[in-house]
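Down below is the structure, laid out as structure tokens.
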Amino acid sequence: MEHPVPATRTRFVVLAFLGTLVFVLYLDRVCISRAALDIQEEFQLSDTEIGLVFGAFTIAYGLFEVPTGRWGDRFGSRGVLTRIVLWWSAFTALTGCVPAFRYGSGFQISLGGWSAAIPPLVSSFGLLMLIRFLFGAGEAGALPNTARVVARWIPSHERGWAQGAVLTCMQIGGLTAPVVATYLIKSLGWRWSFAVFGSTGVVWGALFYWWYRDDPEQHPSVNSAERELIASGCAHGPAGHDHPPIPWKMVLSSRNVWLLGLIMTASASASYMYMSWFPSYLVKARAVSSDYSGWLTSFVLGGGAIGSFCGGPLGSLVVHWTGEGRWSRRLLGATLLAGAGLLLGSSISCDTPEVACACAAAAAFCGHAQISNWWAATMSISGNHLGAMFGLLNSMGVPGAFGSQVFLGMYVDSRKAAGFLGRDQWDPAFFFYAGVLLFGAACWLLVDPTKSAVEESPPAS
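Under this note's numbering, read the sequence shown as residues 3 to 463, first letter to last.
See below:
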């Protein structure tokens, strides 16, 4: 009697590549938050200006996410992801090459009692803005193509924990960045730290392009049993020039699209506050040292990493337990995002920075556990256009991300001008973030993950 040949596990190697990809992605994205204090000091930048530097990345990321996701749908994620990683690695390294120079423009803008000089483009500030914009343009499309690879290689019954694993690696990169950046800045200076961070992606890109294949059928390490397993639960068709056009009229009239976009806006507002501003908040408002701020920020982002790890299996468990995917995903997403808002708002009532960070870490746990639920809902409504749809929905978080980064810088500068310092200068802004998260929780109650946002069109013959 012949025993069936067990399926190979090549798909798990693919998942390991995706995990290291998003780890490096967030490592390179978050490292600037710890370096921001040194950059501000060397270039004499205000909080408003460093907020605009943060925001330049976000604007480019949003502008290029949909077309880069679409490229993955049409041409495959192998070449697109390789280009993405090499591009962003180059501009990560170039961030440390900006010279220190500044010319006063003499122009000012005023709004009510607030006024600020308009910095010229020909300055360290302008070059930083340009490089971070190009960095964002290069990184755009990484997550849509990651989602596309998951849908192409991972059968549906394994996607819950697979999504959680990818999101966990992403957050581990984010929580590692402040600590590693602190060490590198002390050892090499902030400029060389960006060169070190940028070099990591080059190795990944070379290995990925050599090993990965867009179609599991074409990979020599996949046996017939694994091909059948993947095919039985794979909802994403092969890439190619004959990929059907996106039904934009139906997409843009879908309530799910706008609701999931608003949820991402709310989630991104808090996430980018943690990633961009939390080290500065701890130093300037909580009076901790720069080194300690890196460790505390990593602790907060660690809560997000644990939430990402738990979110995927939790969502799959709830759907399996209830036997339906509409109200279970609605209530899970709403509960987690509401918890994130309440916990973040309560953090400012804590007197010690460690307890405040514990509340913020719990908020990050809830917020990032909810993101796994958001991924699952996005996959459910996207059909054969997952790369472009994920890019569209993820880019709809740009207003939250950009607004968060720029708003907080302008807010603390205006509070300083009004005579407020320390916690009085920073803490009231947390009520804004808590309110945005509660709004996102309300949006979850109207999402219907069982209703597709696209028409399934057969490929052209």
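We put the beta carbon where it would ideally sit given N, CA and C, even for glycine.
Given this structure, state the Cα-to-Cα distance separating glycine 341 from alanine 362, to the nearest angstrom. 11 Å
Fill in: Length of the line joining the Cα atoms of valine 7 and serine 223
14 Å
**Prompt:** Taking just the CA atoms, how far does arginine 154 sit from glycine 78?
**Reply:** 10 Å
Through-space distance from lysine 286 to aspartate 415, alpha-carbon basis: 12 Å
For the alpha helix (DSSP H) holding serine 201, just list the boundary residues, first then last. Here the alpha helix (DSSP H) through serine 201 covers 192–213.
| request: Could you tell me whether the segment 444–459 touches the segment 248–258, where touching means 3 or more Cβ pairs closer than 8 Å? | output: yes
_Supposed close pair leucine 293, threonine 184 - CB separation, criterion 8 Å_ = Correcting the residue type first, residue 293 is aspartate in the shown sequence and not leucine. Sure, about 5 Å apart at Cβ, within 8 Å.
Arginine 251, DSSP secondary structure in three states: A small fix is needed here, since residue 251 is lysine in this sequence, not arginine. Here lysine 251 sits in helix by DSSP.
| Going by alpha carbons, who is nearest to phenylalanine 127 out of Gln42, Arg425, Pro281? | Of the listed residues, the one whose Cα sits closest to phenylalanine 127 is Gln42.
Exercise for review: Answer yes if the segment 56–72 comes into contact with the segment 185–203, meaning at least three C-beta pairs across the two stretches below 8 Å, and no otherwise.
Suggested key: Touching, no, given that fewer than three Cβ pairs across the two stretches are closer than 8 Å.
query: Roughly how many whole angstroms lie between the Cα atoms of glycine 309 and cysteine 445?
result: Rounded to the nearest angstrom, the gap between the Cα atoms of glycine 309 and cysteine 445 is 20 Å.
*Can you give me the Cβ contacts of threonine 12 inside the same chain, cut-off strictly under 7 Å, excluding the 5 residues immediately before and after it?*
His221, Ser223, Val224, Glu228
For leucine 177 and phenylalanine 301, the rounded distance between their alpha carbons
7 Å
query = Would a C-beta distance cut-off of 8 Å place cysteine 312 and leucine 338 closer than the cut-off?
reply = no
Tell me the residue span of the alpha helix (DSSP H) that contains asparagine 258. 257–274
Q) Taking just the CA atoms, how far does leucine 423 sit from arginine 328? A) Note on geometry: alpha-carbon atoms of arginine 328 and leucine 423 lie some 47 Å from one another.
Can you list, in chain order, the residues of its chain whose CB lies under 8 Å from that of arginine 417, leaving out five sequence neighbours each side? Asp426, Gln427, Trp428, Pro430
Out of curiosity, what's the CA-to-CA distance linking glutamate 326 and proline 101? 57 Å
Notebook entry, point to check: I think glycine 21 touches valine 205, with their Cβ atoms under 8 Å apart; what is that distance to the nearest whole Å?
Noted result: Not really, about 15 Å apart at Cβ, beyond 8 Å.
* In whole angstroms, what separates the C-alpha of valine 357 from that of phenylalanine 434? -> 20 Å
Glycine 347 versus leucine 264: straight-line alpha-carbon distance, rounded:
20 Å
*What are the boundary residues of the alpha helix (DSSP H) that cysteine 361 is part of?*
Unbroken alpha helix (DSSP H) run through cysteine 361: 355–384.
- Going by Cα to Cα distance, which pick from Tyr413, Ala58, Val253 is closest to serine 48? Tyr413
### Proximity to asparagine 2 [Cα-Cα], best of Leu17, Val32, Val151, Ser330
Nothing about residue 2 can be read from this structure; the chain reaches only from 3 to 463.
- Item | Where histidine 322 sits in the DSSP three-state scheme | Per DSSP, reduced to three states, the secondary structure at histidine 322 is helical.
Whole-angstrom distance between serine 226 and cysteine 33, CA atom to CA atom
One C-alpha to the other measures close to 43 Å.
(request) Report the option in Trp90, Phe19, Phe56 whose CA atom is closest to the CA atom of glutamine 407. (result) Phe56
C-beta atoms of proline 281 and leucine 39 nearer than 8 Å: In this structure, leucine 39 lies closer than 8 Å to proline 281 by Cβ.
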